[in-house]
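Peer 1: Quick note on numbering: the sequence shown equals residues -23 to -1, 1 to 173 in mature numbering (1 follows the signal peptide of the UniProt record, and there is no 0).
I'd like to ask some things about the structure below.
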Amino acid sequence: MYTVRCFLGVVLSLLALSLPAAADYACNARHQCPDSVGTDSFCSGFLFSSGLCYYSKCHSPYELNDADCVNVPFEGKKCECKSKLTGSNYKRKRDLEACPLMQLRCPVYHGRGGSECVDVASDIESCGGCVGLDGSGTGVDCTSIDGAESVSCIDGTCVIDECARGYKLERNRSTCTPIAGMRVQKNPLKRNFRME
């Protein structure tokens, strides 16, 4: 899960090529910090501290965010690199900001869109990673498992507690198989999903 999170951090930096937005990175180790970010290396000179990669140089339209800085002995101040853009670009800027530890920034496909921080270890709609509209992404929407009546997301894996009428729960608790000759329940309103 941590590798996926930092991989997405790098992917978000690639998005910065087309979106005028922020660039800060949450990682679990120093070696996961990119040396520089963006095609023009708009953030460079990194330091890892408290789960974030800090940078010492930013190029326009980015600036060092003095609110999020650390002091490095013999090197001086290193900070997160933030966009100078405000107003209508704020939403896009916010969408690329780092999430708390153990969470991943996933796209929101309803309402006004954007993205949100998700605990992919327990979220039943983004279990194990983010879910894409076309079935792409690294996660699974546990609520869409065929035949599942009651399901939960435990440690990033969908676990089926009960199958609908006409289905049988497999030993691995990840699939429900139709029982031959039985009528299956196709009413999604009767589903029971456990949120923890």
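Heads up, the beta-carbon is just placed ideally off N, CA and C, and yes, glycines get one too.
Source: prediction; values computed, not measured.
Does the distance from the CB of Tyr144 to the CB of Gly114 come in under 8 Å?
Peer 2: Translated into the one-based positions of the sequence shown, residue 144 becomes position 167. Translated into the one-based positions of the sequence shown, residue 114 becomes position 137. Not closer than 8 Å, so no.
Peer 1: Does DSSP put Lys70 in a helix, in a strand, or in coil?
Peer 2: Residue numbering aside, residue 70 sits at position 93 when the sequence shown is read from its first letter. Legend: pLDDT at Lys70 = 48, less than 50; position of this residue unreliable, no value from coordinates given.
Peer 1: Please tell me whether Asp111 has its Cβ less than 8 Å away from any Cβ of chain B.
Peer 2: Absent here is chain B; the protein component of the structure consists of one chain.
Peer 1: Per DSSP, which one or two residues make a beta bridge with Pro77?
Peer 2: Mapped onto the sequence shown, residue 77 falls at position 100. Looking at the DSSP assignment, Pro77 forms no beta bridge with any residue, so it has no partner.
Peer 1: Tell me Val82's beta-bridge partners as DSSP assigns them.
Peer 2: If you number the sequence shown from 1, residue 82 lands on position 105. It should be pointed out that residue 82 corresponds to Arg in this sequence rather than to Val. In DSSP, Arg82 forms a bridge with Cys94.
Peer 1: Looking at the ligand SAM, does it come within less than 7 Å of Arg82, judged from the CB to the closest heavy atom?
Peer 2: Of the ligands one can find in the structure shown there are none, so the ligand SAM has no counterpart to examine.
Peer 1: Where Leu110 and Gln80 are concerned, what is the direct C-alpha to C-alpha distance, given to the nearest angstrom?
Peer 2: Counted from its first residue, the sequence shown places residue 110 at position 133. Counted from its first residue, the sequence shown places residue 80 at position 103. So the alpha carbons of these two residues sit roughly 20 Å apart.
Peer 1: Is the beta carbon of Gly116 closer than 8 Å to that of Gly106?
Peer 2: Taking the first residue of the sequence shown as position 1, residue 106 is located at position 129. Taking the first residue of the sequence shown as position 1, residue 116 is located at position 139. Against a cut-off of 8 Å, the Cβ pair of Gly116 and Gly106 comes out as a contact.
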